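Chains as they are written, first to last, in the numbering used here: chain A, 1 to 301; chain B, 1 to 204. Glycine residues also receive a C-beta, built at the ideal position from the N, C-alpha and C atoms. In this text the structure is predicted, and so the values were computed from the model without any measurement. Shown next, in structure tokens, is the structure this report addresses.
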Amino acid sequence: MTEKEAIRRLLKEADLYRNQGLLSDSKAKYMEILSIIGKSKTLANHKQLIEGVKSKIRAVNRSLNELKDTLEKPELSEDLQHLIKKLFCFSQTKEASAIEGAVALAKFGQYEQALKEFHKLLEQGVLPLVIAKNMIKCYAALRIPEAALVQFSKWKTRDFFSREDLKYIRAFLKTSLEKEGFKVEIPELEATPSLPSKPKKKEEVFLEISAVSLHLRSGPLAGQTRDFDVHFQSANTVTILIPAAQKNLADSLVPGTRLTDIQCYSPITVFRSTGTISGAAQIKQGPRRGDYTMDITIDAD
Amino acid sequence: MAIFNAKDRIIECKLVYCGPGRGGKTTNLEYIFKAFHKQTDSDMVSISTMGDRTLFFDFLPMGLGKIRGCDVKIQLYTVPGQSRYRSTRKMVLKGVDGVVFVADSLEVRRKANLLSLKDLAENLKEEGYNIFNIPLVMQYNKRDLEAQGIPLLPLDTLEKDLNSKLKVPYHMASAITGEGVGRTLKEALLLTLRHLQKELHWTK
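The following block contains the structure:
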């Protein structure tokens, strides 16, 4: 193959990759062409050829930069936000679905709309700790620490949370903002709460658990250990999801089943505990239809 | 995960198109939407960014009509192929019943195919699935470019790279012309519905 033919072939490839949006591959081919031209002593219009290829490389670089600057998670239309909520909530109960919908919005970068939904849910008193954490994540992702601090101050002066909850939320807020590179002074909690706090239930001070490992002692999977993400937590009851494909596992975890070896993973520690299956259901609607939800009540002592 | 409504005899399942970025996943769905318009329940939803890159997902609901006395509905999704959108891919894979892996036949995309398949296996595992057990079909896309003299990976290289362990059905395709798109979809649906029959016993 002559130099001219090789260049023609490479140009065709580079242009096609560029048209297909394979920008790095396209650039690599243009560079290869430049190298061939640079080494050649026989090609006519040497200078013009080099300039032509360089201008193509500049165009590819511009596209690469534009791509880099494109928002990863732009604000979507109301219709698309509604569709996301509909397609990505998997639970049966109204409250759990509402939380899942709002969490899905946040996962797809629709933080402002997610915040609106979380606010509504918080006002309704739905899993306040879970909601508060998700709201903090949204503020951190939106890079508005001042709004997070204002929100925290509001929570401090209202009767939403116990003092222990507020302590936990404050620590979570601090970690979340620091993770995003913000160093802010978070107001300490007063020595005595400004408002009389709600009578404390034992479960209100339970640690947040993000995942559990269950060591199965009986049933068809006896001796095996299975790991699960915690989808929801209300006090010392955590909810996990079991894919429909693992029906045998779901069948072995009927309500009342004692779990004598549970490894709990929280953001600050890992601990072993025991517990009981307190609820089980098969999801009837949404994309997780057919999967199983299991509530595990962890022994609180 | 699919649901079978035994009373009304309706089964709904979810098929996800995965694969490297710019490999032709969205083009597959666009062709399906165009070619099987009668079966589609509504418009195809695409959330794209600059240069037609899928940002979140494409979504196309379809109704296949009655199969063995059961109304079969499917939801087709694509995931974003770019590596930086891993968390979005995981989200879209939740509840998946079957997968089409759209591999890019271009020689320069060999590594991208391998990385994408590895990413798929990991994401499935994190969602509680095993890539060896889930209904999966390979599609080797962009075969039309061979006629233009563009270097493509030969079939045996693609098979060795991507399918030597999985041993799943494969189809040569050109999503842009529609060649092989219908065959891929049909095979993926067949595998998925058969798989669901074992779990849900949805046929009479």
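Where Thr274(A) meets chain B, residues with beta-carbon distance less than 7 Å: Those within 7 Å of Thr274(A) in chain B number zero; the least Cβ separation is about 24 Å.
Give, in chain order, every unbroken run of the alpha helix (DSSP H) that is at least 4 residues long and sits entirely within the segment 53-101 of chain A. Runs found: 78-87.
Could you give the first and the last residue of the continuous alpha helix (DSSP H) run that contains Ile131(A)? Taken as a continuous stretch (DSSP letters only), the alpha helix (DSSP H) holding Ile131(A) covers Pro128 to Ala141.
Could you pull the start and end residues of the beta strand (DSSP E) that Gln75(B) belongs to? Annotation for Gln75(B): the continuous beta strand (DSSP E) segment containing it runs Cys70 to Thr78.
Just checking, does the segment 56-72 of chain B make contact with the segment 97-112 of chain B on the three C-beta pairs under 8 Å criterion? Under the Cβ criterion (8 Å, minimum of three pairs), the segment 56-72 of chain B does not count as touching the segment 97-112 of chain B.
Quick one: what's Gly98(B) bridged to in DSSP? According to DSSP, Gly98(B) bridges with Leu15(B).
Buried or exposed by the 16-neighbour rule on C-beta atoms within 10 Å, applied to Val102(B): Burial call: buried.
Among Leu76(B), Gly128(B) and Lys160(B), nearest to Gln39(B) - alpha-carbon criterion: Of Leu76(B), Gly128(B) and Lys160(B), the residue nearest in Cα terms is Leu76(B).
Would you report the Cα separation of Ser162(A) and Ala235(A), rounded to the nearest angstrom? In this structure, the alpha-carbon of Ser162(A) lies about 12 Å from that of Ala235(A).
What residues match up with Ile33(A) in a beta bridge as DSSP calls it? Listed as beta-bridge partners of Ile33(A) by DSSP are no residues whatsoever.
For the putative contact between Asp43(B) and Gly63(B), defined by C-beta atoms under 8 Å, what is the C-beta separation to the nearest angstrom? For a cut-off of 8 Å, the C-beta gap from Asp43(B) to Gly63(B) is around 14 Å, too long to register as a contact.
For Glu204(A), count neighbouring C-beta atoms within 10 Å of its own C-beta (all shown protein chains included) and say buried if the count is 16 or more, exposed if not. Confidence is the limiting factor: at Glu204(A) the pLDDT is only 47, short of 50, which leaves the residue's position unreliable and the question unanswerable from this model.
Cβ of Ser42(B) within 8 Å of any chain A Cβ: Chain A, which has no Cβ nearer than 8 Å to the Cβ of Ser42(B), makes this no.
Output, in chain order, the set of chain B residues within a Cβ distance shorter than 7 Å of Asp25(A). At a C-beta separation below 7 Å, Asp25(A) has these neighbours in chain B: Val108.
Under a CB-based cut-off of 8 Å, is Glu30(B) close to chain A? Glu30(B) has a beta carbon lying at 8 Å or more from every beta carbon in chain A.
According to DSSP, is Lys165(B) part of a helix, a strand, or is it coil? Reduced to three states, the DSSP call for Lys165(B) is coil.
Contacts around Lys202(A), its chain only, beta-carbon distance under 7 Å, and the 5 residues preceding and following it disregarded: With a pLDDT of only 40 at Lys202(A), under the threshold of 50, the placement of this residue in the model should not be trusted; the figure read from the coordinates follows. If the five residues before and after Lys202(A) are omitted, its C-beta is found closer than 7 Å to the C-beta atoms of Ala300, all from its own chain and listed in chain order.
Chain A beta carbons: is any one of them nearer than 8 Å to that of Phe56(B)? With 8 Å as the cut-off, Phe56(B) counts as an interface residue toward chain A.
Tell me the rounded alpha-carbon separation between Pro80(B) and Ala250(A). Their Cα atoms are separated by approximately 32 Å.
Whole runs of the beta strand (DSSP E) within the segment 39-63 of chain B, excluding any shorter than 3 residues: Those beta strand (DSSP E) runs which fall completely within the segment 39-63 of chain B and span 3+ residues are 45-48.
Could you tell me if Gly256(A) is buried or exposed, where buried requires 16 or more neighbouring beta carbons within 10 angstroms of its beta carbon? Around the beta carbon of Gly256(A), a 10 Å sphere encloses fewer than 16 other beta carbons of the protein chains shown; the residue is thus reported as exposed.
CB contact below 8 Å: Lys12(A) versus chain B: Output row for Lys12(A): interface = yes.
I think Val99(B) touches Ile74(B), with their Cβ atoms under 8 Å apart; what is that distance to the nearest whole Å? Not really, about 13 Å apart at Cβ, beyond 8 Å.
I want to see whether chain B comes within less than 8 Å of Pro243(A), judged by CB atoms only; does it? Interface residue, yes.
Phe160(A) vs Leu173(A) beta-carbon contact at 8 Å: No, the pair does not count as a contact, with Cβ atoms beyond the cut-off.
With C-beta atoms as the reference, is Leu253(A) less than 8 Å away from Ala211(A)? Cβ atoms of Leu253(A) and Ala211(A): not closer than 8 Å.
Beta carbon of Trp155(A), beta carbon of Ile169(A): below 8 Å? Here Trp155(A) is near Ile169(A), since their CB atoms are less than 8 Å apart.
Between Lys167(A) and chain B, is there a C-beta pair that is closer than 8 Å? No, Lys167(A) lies away from the interface with chain B (no Cβ there is under 8 Å from its Cβ).
Report the rounded CA-to-CA distance for Gly223(A) versus Asp261(A), giving the unit in angstroms. Each residue's alpha carbon lies about 11 Å from the other.
Between which residues of its own chain and Leu124(B) is the CB-CB distance below 6 Å, once the five residues before and five after are set aside? So the list reads Ile131, once near-sequence residues are dropped.
Given that Ser87(B) touches chain A, what residues does it touch there, using C-beta distances under 9 Å? Here the neighbours are Lys107.
Cutoff 8 Å; reference Leu34(A); Cβ partners in own chain excluding five residues on either side: Hits under 8 Å: Ile50, Val53, Lys54 and Ile57.
Does the count of Cβ pairs from the segment 214-230 of chain A and the segment 164-176 of chain B closer than 8 Å reach three? Judged by Cβ distances under 8 Å, the segment 214-230 of chain A makes no contact with the segment 164-176 of chain B, as fewer than three pairs qualify.
Specify the secondary structure class of Tyr129(B) as computed by DSSP and reduced to three states. Coil.
Using the rule of at least 16 other Cβ atoms within 10 Å of the residue's Cβ for burial, across every protein chain shown, is Pro20(B) buried or exposed? Pro20(B) is buried by the Cβ-count criterion.
Could you tell me the alpha carbon to alpha carbon distance between Val126(A) and Glu95(A), rounded to whole angstroms? Approximately 7 Å between the Cα atoms of the pair.
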